Amino acid sequence: MTLYNIWTLPILFILHDFEEIIFMPLWKKTDKFQTFQNNLNFFGKVTNGSAFSVGVLEEFIILLCVSLLTDYSHNTKIYLGFCIAYFLHFIVHFLLCYKYKGYVPGVITASCQIPVMIIIINHYLSWKLESIYYIVIATSLAYMNLYVMHKAMPKIQTFLFKFFNLKSDMV
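According to the working numbering, the stretch in the sequence shown is residues 1221 to 1391, in order.
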């Protein structure tokens, strides 16, 4: 499989989000995070890895659908748009690290994936107006979905705690 395979993006995404899934709940329990003034800006209000994983699963399914649609239609502009959206979200990780002045879950895999994403984007990129439309639309959809999921994850967390009859401080 080459980097230009349309299944590369979902694979890179899940590797990146494994770092977030594993470290986010533990990181949010650190003393530094607890005393940080603006801690609600980091991964939303969700503190439970299971609730966070639901959001990751939803985004992963979207990227699988993007890859399937690209494979079926041979329209790589769709794929390019989501690759750029994914790449741009790395900037958020670096800004959060700067603001936090330390490690933020996801920054290690983001750093490792930057060269790979540049290669992929360069391969598919064309500066035709149609491509720019796809980039703007895909990026807008991806970030709207991310916003909605960050709002939904605390509700998912509450639902999971009630469903399993847990107290929120148990997990």
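Glycine residues also receive a C-beta, built at the ideal position from the N, C-alpha and C atoms. Given the structure is predicted, the values throughout are model-derived calculations rather than measurements.
Could you say which of the options lies nearest to residue i if we only look at CA atoms?
i            : options                : result
residue 1269 : 1224, 1384, 1242, 1379 : 1242
residue 1312 : 1351, 1338, 1299, 1366 : 1366
residue 1235 : 1346, 1371, 1328       : 1328
residue 1250 : 1293, 1325, 1360       : 1325
residue 1362 : 1300, 1316, 1331, 1387 : 1300
residue 1319 : 1256, 1349, 1342       : 1256
residue 1303 : 1338, 1385, 1373, 1349 : 1338
residue 1332 : 1321, 1314, 1322       : 1314
Would you tell me roughly how many angstroms separate the C-alpha atoms of residue i and residue j, rounded to the nearest one?
i            : j            : result
residue 1289 : residue 1283 : 10 Å
residue 1347 : residue 1264 : 35 Å
residue 1225 : residue 1276 : 22 Å
residue 1222 : residue 1239 : 23 Å
residue 1386 : residue 1344 : 47 Å
residue 1293 : residue 1334 : 27 Å
residue 1244 : residue 1298 : 30 Å
residue 1371 : residue 1287 : 26 Å
residue 1291 : residue 1247 : 38 Å
residue 1433 : residue 1273 : This structure gives no information on residue 1433, because the portion of the chain shown stretches from 1221 to 1391.
residue 1352 : residue 1321 : 34 Å
residue 1364 : residue 1373 : 14 Å
Would you identify the three-state DSSP class for residue i, choosing helix, strand or coil?
i            : result
residue 1290 : helix
residue 1299 : helix
residue 1176 : With the chain covering 1221 to 1391 only, the question about residue 1176 has no answer from this structure.
residue 1319 : helix
residue 1326 : coil
residue 1347 : coil
For residue i, does the count of other Cβ atoms within 10 angstroms reach 16, so buried, or fall short, so exposed?
i            : result
residue 1376 : buried
residue 1356 : exposed
residue 1368 : exposed
residue 1252 : exposed
residue 1281 : exposed
residue 1340 : buried
residue 1382 : exposed
What are the boundary residues of the alpha helix (DSSP H) that includes residue i?
i            : result
residue 1231 : 1228-1247
residue 1252 : 1251-1255
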